[in-house]
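Numbering (this note's numbering), first residue to last: 43 to 127.
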């Protein structure tokens, strides 16, 4: 809603995370609605709840995240996020 609180969904990491290799958001039908690649895990970049420039309807979205660690290894995470307006 643009109030500066929870306006984006993103990945946060500690000092061991070099970067977010990929963060994918899917709707309930399995269609990809957003993808971010190669960004810092500092909360400055993420999905804003839009799809093709339009606000999505509230609902549960699935996400998959792959991060690269400073030692060169990768880790994958997955879960869901509820979009509310």
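We treat Cβ as the ideally placed atom computed from N, Cα and C, and that holds for glycine.
Between which two residues does the beta strand (DSSP E) containing residue 67 stretch?
59-68 is the extent of the beta strand (DSSP E) around residue 67.
Between the alpha carbons of residue 113 and residue 78, how many angstroms are there, rounded?
Residue 113 and residue 78: Cα-Cα distance of roughly 22 Å.
Taking the CB atoms as reference points, tell me whether residue 89 and residue 76 lie closer together than 7 Å.
The answer is yes: Cβ separation under 7 Å.
Just to confirm before moving on: does the CB-CB distance between residue 100 and residue 61 stay below 7 Å?
Their beta carbons are not under 7 Å apart, which means residue 100 does not touch residue 61 by this criterion.
Within this structure, are the beta carbons of residue 91 and residue 54 separated by less than 7 Å?
No. Outside cutoff.
I'd like to check one pair, residue 93 with residue 87: are the Cβ atoms closer than 7 Å?
No, Cβ-Cβ distance for residue 87 and residue 93 is not below 7 Å.
Using the C-alpha atoms, what's the distance from residue 83 back to residue 52?
Those two C-alpha atoms are separated by around 8 Å.
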